[in-house]
């Protein structure tokens, strides 16, 4: 099976712009979770989608949003970018059950100038 | 709220030797899962090993094994016969079996392998 894929791998944006990141899960997986990784804050949970519904949400401002499509692919959007949004954004997929392991994609490195 | 603590920011080990990475966690739940993930310079987060809290037997995966002490809320990772390819950041993570399925992460330990 193909692994989790994320596009693009690198992005450079300026403050105030918006950005959309994409994640394609492992075939058959219905859950997609997003995490932000920064040197200062470490790994933080953004949100999780399961069968096109947001099931869980972390403590991030409303500028961060996401959605999931019927084929389980997920997108994450950040509006009105701030310098502090520069980070590695990781997507993970799983079957969606409590016992299911999350498998990660290679990440998208976002730089906000 | 659950927390995960990795008290060793950096560890080094000679190639072919054994190293143990520490992780402690805090939770009031009785049913949960614990994970060790590895993140090499390529940034891809790779699952190393997982442990179910209801299992008393420690998980093993080839050269990787854990020492799970539920009462002490401790979950250490032992890497035997260290190889150059083991050099990476290692993250300990917790996930509830019942509520929010998010992973709660430790700060990570950078493992350096000396040839």
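Chains as they are written, first to last, in the working numbering: chain R, 1293 to 1405; chain V, 238 to 352.
Built from N, CA and C at the ideal position, the CB exists for glycine as well.
Contact note: residue 1341 of chain R does not reach chain V at a C-beta cutoff of 7 angstroms; the least C-beta distance is about 11 angstroms. Under DSSP, residue 276 of chain V shares a beta bridge with V/326. Bounds of the beta strand (DSSP E) holding residue 1326 of chain R are 1323 to 1330. For residue 1382 of chain R, a Cβ of chain V is located within less than 8 angstroms of the residue's own Cβ. Between residue 260 of chain V and residue 313 of chain V, the beta carbon gap of about 6 angstroms places them in contact (Cβ cut-off 8 angstroms). By the rule that beta-carbons nearer than 8 angstroms mark a contact, residue 344 of chain V touches chain R. The C-beta of residue 1308 of chain R has fewer than 16 other C-beta atoms within 10 Å across all chains shown, which makes the residue exposed.
Take residue 1342 of chain R, set aside five residues on each side of it, and the residues of its chain with a beta-carbon closer than 7 angstroms to its own are 1322, 1323 and 1388, in chain order.
Cβ contact annotation for residue 305 of chain V (same chain, cutoff 6 angstroms, sequence separation greater than five): 288, 295 and 312, in chain order. Contact check between the region 1295 to 1310 of chain R and the region 1396 to 1405 of chain R: three or more CB pairs, one atom from each, fall below 8 angstroms, which counts as touching.
In this structure residue 1315 of chain R is in contact with residue 1365 of chain R, their Cβ atoms being roughly 7 angstroms apart against a cut-off of 8 angstroms. Look at residue 1380 of chain R here: in three-state DSSP terms it is strand.
A contact between stretches requires three or more CB pairs, one per stretch, nearer than 8 angstroms, and the region 1358 to 1376 of chain R fails this requirement with the region 268 to 287 of chain V. Among the residues facing chain R, residue 340 of chain V is included, as its CB has a counterpart in that chain under 8 angstroms away. For the region 1319 to 1348 of chain R, the set of positions with a beta-carbon nearer than 7 angstroms to some beta-carbon of chain V reads 1325, 1334, 1335, 1337, 1340 and 1348 in chain order.
Residue burial is scored here from C-beta neighbours: residue 1386 of chain R has at least 16 other C-beta atoms within 10 angstroms and is therefore classed as buried. Nearest to residue 349 of chain V by alpha-carbon distance, out of V/342, V/286, V/245 and V/240, is V/245.
The C-beta of residue 1344 of chain R has fewer than 16 other C-beta atoms within 10 Å across all chains shown, which makes the residue exposed. Residue 1402 of chain R sits in a strand when the DSSP states are folded into three classes. Listed as beta-bridge partners of residue 1363 of chain R by DSSP are no residues whatsoever. Residue nearest to residue 1327 of chain R within the set V/352, V/339, V/343 and V/351 is V/339 (criterion: CA-CA distance). Burial state of residue 1382 of chain R is buried, judged by a 10 Å Cβ sphere holding 16 or more other Cβ atoms.
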